[in-house]
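Enquirer: Residue numbers (my numbering): 52 to 179.
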Amino acid sequence: MTSLSLQTPAAPQHPAEALRLENVTKTYGSGSGKVTALRGIDLALGRGTFTAIMGPSGSGKSTLLHCAAGLDVPTTGTVRLGGTVVSGMRSSQLSTFRRDHVGFVFQAYNLLPALTVEENITLPLRLA
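Listed below in structure tokens is the structure:
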């Protein structure tokens with residue numbers, strides 16, 4: 052596994068935490084096929100900050116973002132979004148929380164060609 056680089060700007064102007072990961076680990080598979088994508092990740096991001104997550108292919112960037120956004124469940128550790136612990140939520144609770152509080156642009160996104168750019172952007176708001 053290659054290394055993952057997190058770069059966070061200087062002290063946030065809005066110190067309230069938007070995201071906190073504590074000792075987050077994510078493994079896939081089992082036995083000899085077991086792959087550890089994240090190992091003991093500790094991260095705190097303040098509201099109003101911009102953070103770049105950079106690293107080579109296979110370093111765990113997407114896994115980190117998916118666990119942070121509640122799209123995937125960490126194997127161990129705690130994920131807090133805006134102070135709410137999401138890592139222990141049931142699937143239905145997590146779906147409701149994501150619907151109400153999380154926006155995510157996927158690497159391979161699917162736009163609806165019949166809609167304008169504005170309509171594609173606001174579609175999740177209309178569906179919520």
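By construction, the Cβ of each residue, glycine as well, lies at the ideal position given by its N, Cα and C atoms.
What separation, rounded to the nearest whole angstrom, lies between the Cα atoms of C118 and G99?
Expert: Counted from its first residue, the sequence shown places residue 118 at position 67. Counted from its first residue, the sequence shown places residue 99 at position 48. Looking at the two C-alpha atoms, the distance is approximately 20 Å.
Enquirer: Could you pull out every residue in the same chain whose Cβ sits closer than 7 Å to the Cβ of L162, ignoring the five residues on either side in sequence?
Expert: Walking along the sequence shown from the start, residue 162 turns up at place 111. The residues are N171.
Enquirer: Do the CB positions of L188 and A69 come within less than 9 Å of each other?
Expert: Since the first residue shown for the chain is 52 and the last is 179, residue 188 is missing from the structure and cannot be characterised.
Enquirer: Excluding five sequence neighbours on each side, which residues of the same chain lie with their C-beta closer than 8 Å to the C-beta of D123?
Expert: As a working mapping, residue 123 is identified with position 72 in the sequence shown. Closer than 8 Å at Cβ, skipping near neighbours: K77, T114 and H117.
Enquirer: Between R71 and the rest of its own chain, which residues show a CB-CB distance below 8 Å, the 5 nearest in sequence each way excluded?
Expert: Here residue 71 corresponds to residue number 20 of the sequence shown, with the count starting at 1. Same-chain partners within the cutoff: L94, A95, L96, T129, V130 and R131.
Enquirer: DSSP three-state label for T114, please.
Expert: Taking the first residue of the sequence shown as position 1, residue 114 is located at position 63. Three-state DSSP puts T114 in a helix.
Enquirer: Does the Cβ-Cβ distance between S142 and V75 come in under 9 Å?
Expert: Taking the sequence shown and counting its residues from 1, one reaches residue 142 at position 91. Taking the sequence shown and counting its residues from 1, one reaches residue 75 at position 24. No.
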